Amino acid sequence: MKRSLILVLAILLTAVSCPKKEMPALKLLPSIWDETNKYQILIDTAIAGSYWLIYKPVQEPEPIIELQSITEITHAGSVSRDSTVIVLRQDNLKPISSSKTILTNGMTLNADIAYGKTKASVKAKLPQGDKAIDVPININTYDNDQVTTILRALELKPDEEKEINVVIGFSGTTVPVKIKSLGEEKITGPAGEFDCHKYTITVVGRMIDVWYEKADAKRMVKYFDIQASMTMELMP
């Protein structure tokens with residue numbers, strides 16, 4: 502593949518943002534977790550790496566969740582690593598700040614974002630130079646790297662669809678993300694058998710299927726990106 506697969510996972514798509522209507526805040530379920538989840542990454546059917554989601558609730562100076570995601574992929578002789586730390590409010594999962602570093606193909610990319618009520622201040626270090634930009638946001642804007650976490654707390658009925666916006670630090674844009682509930686499905690993987698809620702995430706025409714356990718924790722069990730031939734599966 503011409504581009505590193507880690508960029509597919511970490512950035513999804515660097516599309517140009519477009520005007521969006523202001524929408525009511527999403528209704529979220531209680532979202533206080535203290536856990537570490539590991540996923541194996543497969544390209545086609547071959548194991549290519551791992552994906553970690555680490556949640557740490559903190560009560561002071563305000564109730565927050567420190568979310569860390571770590572992705573490591575080895576593919577076609579190339580090793581890539583993506584590490585992101587996002588600080589989220591416990592009550593509604595709104596982002597306060599995020600910091601991302603990607604090491605891939607001999608390049609290092611960094612992006613730091615500070616979230617306010619109406620704008621996200623982005624500072625990025627890229628091979629072509631530094632970038633500093635303020636991105637307008639609304640009540641349903643989140644960080645790109647917390648999309649899989651938002652689905653843990655989102656209430657959707659079968660066939661119901663919601664739209665959020667996500668900030669992509671490296672491009673300094675916002676992108677609309679549509680999330681649709683596809684009902685229930687049983688999934689079997691390395692961590693066992695789960696009764697799951699199934700969703701489709703659509704980002705500028707790119708569709709990704711994800712499955713979340715119906716149990717209280719509602720962890721992501723499986724992630725499938727057909728265009729990248731990439732699967733992530735929850736490990737024991």
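In our numbering, the protein residues as written are 502 to 737.
Yeah, the Cβ is synthetic: ideal placement off N, Cα and C, and Gly gets one too.
Keep in mind it's a predicted model, so treat the numbers as computed, not measured.
Discussion item. For histidine 576 and glutamine 728, I'd like the C-alpha separation in whole angstroms.
Written reply: Approximately 16 Å, taken between the alpha carbons.
Item to complete: Would you decide whether aspartate 592 is buried or exposed? Buried here means 16 or more other CB atoms lie within 10 Å of its CB.
Response: Exposed.
Discussion item. So, for valine 559: in the same chain, excluding its five sequence neighbours on each side, which residues have a beta-carbon less than 8 Å away from its beta-carbon?
Written reply: Ile565, Ile566, Glu567
Discussion item. Mapping the DSSP letters down to three states, classify glutamate 523 as helix, strand or coil.
Written reply: Note on glutamate 523: pLDDT 46, under 50, position unreliable in the model; the coordinate value appears next. Coil.
Item to complete: Use the C-beta contact count for aspartate 726: other C-beta atoms within 10 angstroms, 16 or more gives buried, fewer gives exposed.
Response: buried
Discussion item. So the candidates are Thr572, Ile688, Arg590, Val705; which of them puts its Cα closest to the Cα of lysine 723?
Written reply: If we check each option's Cα against that of lysine 723, Ile688 comes out closest.
Worksheet entry | Nearest-angstrom Cβ-Cβ length linking valine 636 and threonine 674, presumed shorter than 8 Å | 7 Å
Worksheet item: Curious, which full-length alpha helix (DSSP H) runs of at least 4 residues does the region 607 to 670 contain?
Response: 648 to 654
Item to complete: Please determine, among Arg582, Thr602, Thr572, the residue with the shortest C-alpha to C-alpha distance to asparagine 538.
Response: Thr572
Discussion item. Quick check on the DSSP output: what are the complete beta strand (DSSP E) runs of length 3 or more inside the region 521 to 601, in order along the chain?
Written reply: 536 to 544, 547 to 559, 565 to 576, 579 to 590
Worksheet item: Helix, strand or coil for glycine 684 per DSSP?
Response: strand
Worksheet item: Can you tell which of Tyr713, Gly578, Val588 has its C-alpha closest to the C-alpha of glutamate 561?
Response: Val588
Discussion item. Based on DSSP bridge pairs, tell me the residues matched to methionine 736.
Written reply: Looking at the DSSP assignment, methionine 736 forms no beta bridge with any residue, so it has no partner.
Discussion item. Please state whether the Cβ-Cβ distance between lysine 679 and glutamate 656 is less than 9 Å.
Written reply: no
Discussion item. According to DSSP, is tyrosine 724 part of a helix, a strand, or is it coil?
Written reply: strand
Worksheet item: For aspartate 738, which of helix, strand or coil comes out of DSSP?
Response: A query on residue 738 cannot be resolved here, the shown segment of the chain reaching from 502 to 737 and no further.
Worksheet item: aspartate 717 by DSSP, collapsed to three states: which one?
Response: coil
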